[in-house]
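J.: Chain order of the listed sequences is A and B.
Residue numbering for the first sequence follows the working numbering, beginning at 42 and increasing consecutively.
Residue numbering for the second sequence follows the working numbering, beginning at 11 and increasing consecutively.
Each residue gets a CB set at the ideal place from its N, CA and C atoms; glycine is no exception.
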Amino acid sequence: MGRKILLDKINVPGIKSYEVYRREGGYASVEKALKMTPEAIIEEVKASGLRGRGGAGFPVGMKWSFIDKKSGKPRHLVCNADESEPGTFKDRYLMEYIPHLLIEGMITSSIALEANLSYIYIRGEYMWVYKILERAIQEAYAAGWLGKNIQGSGFDLDLYVHCGAGAYICGEETALIESLEGKRGNPRLKPPFPAISGLWANPTVVNNVESIAAVPWIINNSGADYAAIGIGRSTGTKLISASGNIKKPGVYEIELGISVEEFINSDEYCGGMETDRPLKALVPGGSSVPILPAHLIYKTANGDDRLMTYESLSDGGFATGSMLGSGGFIVYDDRACIVRNTWNFARFYHHESCGQCTPCREGTGWLEKVLWRIENGEGREEDIELLWSIQSKIEGNTICPLGDAASWPVAAAIRHFREEFEYHVRFPEKIKNRDHFTHEPFHKVRHLVAPQTV
Amino acid sequence: MEKHHYTQEINITDALMARINELVSHYPADKKKSALLPVLHEVQDAHDNWLSIELQNKVAEILELKPIEVYEVVTFYTMFNQRPVGKYMLEFCQTSPCCQRGVEDLMDYTCQKLNVGIAQPTTDGLFEVRGVECLGACGYAPMLQLGDYYHEHLTKEKIDQLIDDCKAGNITFYDK
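(1) Specify the secondary structure class of I281 of chain A as computed by DSSP and reduced to three states.
(2) Checking contacts by CB at 8 Å: is P48 of chain B closer than that to chain A?
(3) Examine chain A for any beta-carbon lying closer than 8 Å to the beta-carbon of G149 of chain B, and answer yes or no.
(4) Looking only at C-alpha atoms, which of A:R475, A:K473, A:E463 sits nearest to H488 of chain A?
(5) Strictly by DSSP, which residues pair up with L47 of chain B?
(6) Pairs of beta-carbons, one from the segment 42-49 of chain A and one from the segment 243-263 of chain A, closer than 8 Å: are there three or more?
(7) Could you tell me the boundaries of the alpha helix (DSSP H) in which T399 of chain A lies?
(8) How would you call V53 of chain A, buried or exposed, if buried means at least 16 neighbouring beta carbons within 10 angstroms?
(9) Is the beta carbon of I218 of chain A less than 8 Å from the beta carbon of G239 of chain A?
(10) From the DSSP output, in three-state form, read off D49 of chain A for me.
(11) Counting along the chain, where does the alpha helix (DSSP H) carrying H141 of chain A start and finish?
(12) Per DSSP, which residues does Y293 of chain A bridge with? Please list them.
(13) Got a sec: which bits of the segment 270-292 of chain A sit with their beta carbon under 7 Å from any beta carbon on chain B, in order along the chain?
(14) Applying a beta-carbon distance threshold of less than 8 Å, which residues of chain A neighbour G127 of chain B?
(15) Apart from the five residues just before and just after P115 of chain A, which ones in its own chain have a Cβ nearer than 6 Å to its Cβ?
(16) With 7 Å as the limit, tell me which residues of the segment 82-109 of chain B have their beta carbon closer than that to any beta carbon of chain A; keep them in chain order.
(17) For R229 of chain A, which residues of its own chain have a beta-carbon under 6 Å away from its beta-carbon, when the five flanking residues on both sides are left out?
(18) Helix, strand or coil: which one does DSSP assign to T276 of chain A?
(19) Quick one: is H141 of chain A buried, meaning 16 or more other Cβ sit within 10 Å of its Cβ, or exposed?
(20) Is it buried or exposed for F483 of chain A, if we count other Cβ within 10 angstroms and need 16 for buried?
(21) Specify the secondary structure class of D174 of chain B as computed by DSSP and reduced to three states.
(22) Let me know the alpha helix (DSSP H) ranges lying completely inside the segment 80-111 of chain B, each 4 residues or longer, listed in chain order.
(23) Can you look up T439 of chain A in the DSSP assignment and give me helix, strand or coil?
(24) Kindly list, in the order they appear in chain B, the residues whose Cβ is closer than 8 Å to that of C398 of chain A.
(25) Assuming I379 of chain A contacts E436 of chain A under a Cβ cut-off of 8 Å, what Cβ separation, rounded to an integer in Å, is found between them?
(26) Counting only beta-carbon separations shorter than 8 Å, does H36 of chain B have a partner in chain A?
(27) Taking any Cβ of chain B, which residues in the segment 419-437 of chain A have a Cβ under 9 Å from it, in chain order?
(28) Please classify M314 of chain A: does DSSP put it in a helix, a strand, or coil?
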């Protein structure tokens, strides 16, 4: 059994309630942090090597150290619970089943940042989780962990939950701040970064739920203990949201460094494929990361074992690798149509583009429409080049990374599954039904488009 | 598309006003605007799940904003409805992991059963089927959202049951 840090207590009956959580040692990190200097807390988090769990993987301690404490402006910690990356549902699991862990993390982290007013920004669809958090926060106030003069320390902290209203873009930290200010979720130009000018132009740190939930363990134990788990710069444990055609979809906590093969096939995790149909593709880190074809899932291009780490999953760059991202692990068997799946993601990004930057606003629409016509048997041979050209013109040309996120899945699908696109274009009559690969998987018809060898 | 002007009865009860004031108190006194999204959710829930222009103006008045500041937010976020919607809105997640688990067939099934198209309320105003983007329940696919709650691991039988429960008024959909 792998070591559990975040989900260690998840099965304790009643852990949702304050009494049980406290009895199980909850809020100890706050007691400890109140006796430490803020700098010492930040150093401990730096030493842990904890990287942002929302997708970007930026070191959390480093991000904290950028916050402007000199200007004397009020500081804020904002928890990003806008979880909306397709394939990702881990934060919801944490907040729903062990809400006090996040609240404890918010308090301990706010002490480090010397923030006296902090927020949890949760997506509007998680309304019942919003209510769970609101009730948990009330319990924490009643027990003296929030409010004025926490546990007699002289430190004040107010914590509130704020709900969004259905916009993927609000997971981008500056769009999230805009939304928290009561505006449309349009990302801001950077610099200035939120650490200097964030919420209401005050220094602000935005961290993912899972990152903040890891802080109590790091403070209770030590940064070095956390860094001892994992491999290289991938330290600690990570929640993986597993979905798609596997036996046991769900949220799993893994020690970074186990192999992808073990994660998919062991009974402790995904339990193997859903049926006896073969593995076709994998999206390892949420919809925006490049999709991997079967031969690059268990082994890297060099023939090394592919591991569940930031480095191993991105081994080979975009040519033969992908990214750990947010840990949205989507497994596809041979019934999946890559063209349809790519269209599905393109529709998502088109729908979620905020419309601020032309390459993204227009480009995502083009991607969706061109993919739709290929998927519906009206594609043209040159459409594949057209898709490539559009995605290359979005990437890197937008204010926020949504443009990149929309481009990468299209680029990777063409890179690894080009023959499937060609098949769609050349045999429109064969792809009329959306389940066209259920009865005749692509590997049985590949020869129709495969280059002829002499 | 023809542009309708829908009207609705506005009723800001004392309980709703108290909740609005509570939400406003979560932000610094000079940052009332920040409460806009949570307040819109509360107001919408209390008004048959949609926001007419008149109601948006009312929210602007309560939060001391210009009406445009409310309109631009309502039109940006997908959870705010600008026309009357079915009382029981079945919002199916239609993003990739749910499609892998057959949500498209279930959406077809539900539409046929209710004899409606997507985003088209039934004539009695009781139901509406929508396809929405990822709801963060990929591991429990296929799924739909109804009010504040998720209904997961869906099958045709579960949808039949859900629709029967709705018709019988035997379902909780707001967590208040």
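T.: So, to answer that:
(1) strand
(2) yes
(3) yes
(4) A:E463
(5) According to DSSP, which records beta bridges pairwise, L47 of chain B is partnered with nothing at all.
(6) yes
(7) 399-416
(8) exposed
(9) yes
(10) coil
(11) 140-154
(12) A:I281
(13) S282, A283, S284, G285, N286, P290, G291, V292
(14) The contacting residues do not exist; G127 of chain B stays about 18 Å from chain A at best.
(15) N243
(16) E82, V83, F86, Y87, T88, M89, F90, T105, S106, P107, C109
(17) T215
(18) strand
(19) buried
(20) buried
(21) helix
(22) 106-110
(23) coil
(24) Ordered by position in chain B, no residue passes the 8 Å Cβ test against C398 of chain A, which lies about 16 Å from the chain.
(25) About 20 Å separates the two Cβ atoms, so there is no contact after all.
(26) yes
(27) none
(28) strand
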